[in-house]
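Undergrad: Okay, so the sequence shown: first residue is 0 according to numbering that gives the first Met the number 0, each after it adds one.
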Amino acid sequence: MTKILKINSISPEPSKIKEAADVIKRGGTVAFPTETVYGLGADALNPEAIRKVFKAKGRPSDNPLIVHIFDMDTFQLVARRPAKAVIDLINRFWPGPLTIIVKKKKVVPDIVTSGLDTVALRMPDNKIALSLIKKAGVPLVAPSANLSGRPSPTRGRDVIADLSGKIDVIIDGGKTRIGIESTVIDMTTSPPTLLRPGGLSVEDIEKVVGHVQRLSTSHENMPARSPGMKYRHYAPKARMVIVEGDSDAVQSDIIKLAEKGLKDGQKVGILAFHKEFRVEGCITKYAGSRCETVAGRLFDILRAFDKDGVDLIISEPYDGEGLKLGIADRLRRAAGQGKQ
Ligand code: AMP
Ligand code: MG
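1. In or out: Asn45 buried (at least 16 other Cβ within 10 Å) or exposed?
2. Taking only the alpha-carbon atoms, compute the straight-line gap between Arg231 and Gly335 and give it to the nearest angstrom.
3. Among Leu322, Lys259, Thr1, Glu12, whose alpha-carbon lies nearest the alpha-carbon of Leu131?
4. State the Cα-Cα distance for the pair His218 and Glu47, rounded to the nearest angstrom.
5. Is Pro123 near the ligand AMP, in the sense that its beta carbon is under 7 Å from a heavy atom of that ligand?
6. Does the Cβ of Ser8 lie closer than 7 Å to at least one heavy atom of the ligand AMP?
7. For Val52, which option in Asp185, Ile23, Ala303 has the closest C-alpha, if you only look at C-alpha atoms?
8. Is it buried or exposed, Lys103, if we count other Cβ atoms within 10 angstroms and call 16 or more buried?
9. Looking at the secondary structure, which residues open and close the beta strand (DSSP E) in which Thr112 lies?
10. Specify, as a first and last residue, the run of the beta strand (DSSP E) that Phe74 falls within.
11. Closer than 6 Å is what we want: which residues have a beta carbon that near any heavy atom of the ligand MG? List them in chain order.
12. Do you know whose CA, among Thr117, Gln75, Ala19, Ser8, lies nearest Asn62's CA?
13. Quick one: what does DSSP say Gly325 is sitting in, helix, strand or coil?
14. Using only CA atoms, which one of Pro142, Val242, Ala128 lies nearest to Gly136?
15. If you follow the beta strand (DSSP E) that Phe31 is part of, which residue opens it and which one closes it?
16. Quick one, are the C-beta atoms of Gly178 and Phe298 less than 8 Å apart?
17. Output needed for Pro150: all residues of its chain with C-beta closer than 6 Å, excluding positions within five of it in sequence on either side, in chain order.
18. Would you mind sorting Ala333 into buried or exposed? The rule is 16 or more other CB atoms within 10 Å of its CB.
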């Protein structure tokens, strides 16, 4: 049912790219790697194809999709004339992990944008992704290629685990470089609004467009502004708790919670960010010290805890600016805590 195509990420085989592109052209679904996470691609101008994406993922229909393009002709096809600040962002950061919300043109079906008059656009920095989009000759919707709510896929095997039998093709192109999703910025507001922290730091964006406002979930119109943000995301099967506080207190609180879990007969996992530490009888996973390493490993670790059959994940806290803001956001959402 689902064809697996192994493709070389440095020099993608043209015949395999063509095979996958033909599936897209016929209205099918193809999972492919980007530099952030794997995406589930379909023709962004074909509502029937897009319905298949929502169905395979079990994605709520009011959560709009990002449209992936490979050139500026396609930008002009789907978006109204960009402001100078948008052009500056594109020149500086595309291809790359930045999604820009702009006013859309009529050609973009309502199912892509959940009826909004804006569209989210991105040019991914991955050879397989770019050659697939180019060969297909159409823009592609490409939400993360996981079952809705699960940790995002950073390897072909994660996509196979979630979507095998539900989609037409899975391209396995190795591990994705960044490991968390793109940063989403709304350029239809003044000042621009950060809707989702991610692979590109908001501080870098501010060097190009000036002040960017941050939204929090306490913000009343959050669901209307970025509909996808209201859903539980990235969640492992285990219950997950983040222990907050200063570092000594955190360590002893984690140990206490872990011992209680063990006593209750639970299989306990510990997620460490600062240093490796062991609690007898628990499975500890250390995400690394550099934030680039943590971003690359986070979803992988959450999936690994599931494979281990862990019931309770106890996590150290994680905070900071730049890429760390995106990591902290994914961690909180995985624990079901929303945006803060
Ligand atoms: P995902 O595809 O799951 O990585 O999510 C894409 C994110 O972009 C979701 O949080 C959406 O709510 C958001 N998004 C997509 N299109 C729009 C749009 N037109 N306006 C605001 N947010 C959007
Ligand atoms: Mg997703």
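Each residue gets a CB set at the ideal place from its N, CA and C atoms; glycine is no exception.
For clarity, every value in this text was computed on a predicted model and none was experimentally measured.
TA: So, from the data block:
1. Position 46 of the sequence shown holds residue 45. Its Cβ being crowded by 16 or more others within 10 Å, Asn45 is buried.
2. Within the sequence shown, the letter at position 232 stands for residue 231. Within the sequence shown, the letter at position 336 stands for residue 335. Cα-Cα distance, rounded: 6 Å.
3. Walking along the sequence shown from the start, residue 131 turns up at place 132. Comparing Cα-Cα distances from Leu131 to each of Leu322, Lys259, Thr1, Glu12, the minimum goes to Glu12.
4. If you number the sequence shown from 1, residue 218 lands on position 219. If you number the sequence shown from 1, residue 47 lands on position 48. With a pLDDT of only 47 at His218, under 50, the local geometry of the prediction cannot be trusted, and the value read off the model is given with reservation. Answer to the nearest angstrom: the Cα atoms are 34 Å apart.
5. Mapped onto the sequence shown, residue 123 falls at position 124. In terms of side-chain proximity, the C-beta atom of Pro123 is found no nearer than 7 Å to any non-hydrogen atom of the ligand AMP.
6. What you label residue 8 is simply residue 9 of the sequence shown in a count that begins at 1. Short note on Ser8: C-beta not closer than 7 Å to any heavy atom of the ligand AMP.
7. For the purposes of this step, residue 52 is taken as the residue at position 53 of the sequence shown. Ranking the options by Cα distance to Val52, first place goes to Ile23.
8. The sequence position of residue 103 within the sequence shown is 104, counting from 1. So Lys103 ends up on the buried side.
9. Working through the sequence shown from its first residue, we reach residue 112 at position 113. Careful: Thr112 lies outside any beta strand (DSSP E), inside the alpha helix (DSSP H) at 109-112.
10. Taking the sequence shown and counting its residues from 1, the one referred to as residue 74 is at position 75. From DSSP, Phe74 is part of no beta strand (DSSP E) but of the alpha helix (DSSP H) over 71-77.
11. Pro142, Ser143, Ser151
12. Start at 1 with the first residue of the sequence shown, and residue 62 comes out as number 63. The candidate whose alpha carbon is nearest that of Asn62 is Thr117.
13. Working through the sequence shown from its first residue, we reach residue 325 at position 326. Note: Gly325 maps to helix in three-state DSSP.
14. Along the sequence shown, read from residue 1 onward, the residue named residue 136 stands at position 137. Of Pro142, Val242, Ala128, the residue nearest in Cα terms is Ala128.
15. Along the sequence shown, one-based indexing puts residue 31 at 32. Per DSSP, Phe31 belongs to the beta strand (DSSP E) from 29-32.
16. In the sequence shown, the residue the question calls residue 178 occupies position 179. In the sequence shown, the residue the question calls residue 298 occupies position 299. Going by C-beta atoms, Gly178 is nearer than 8 Å to Phe298.
17. Counting from one through the sequence shown, the residue named residue 150 turns up at place 151. Correct list, in chain order: Tyr233, Phe298, Leu301, Arg302.
18. The residue you call residue 333 lines up with position 334 of the sequence shown. Looking at its Cβ environment, which holds 16 or more other Cβ atoms inside 10 Å, Ala333 is buried.
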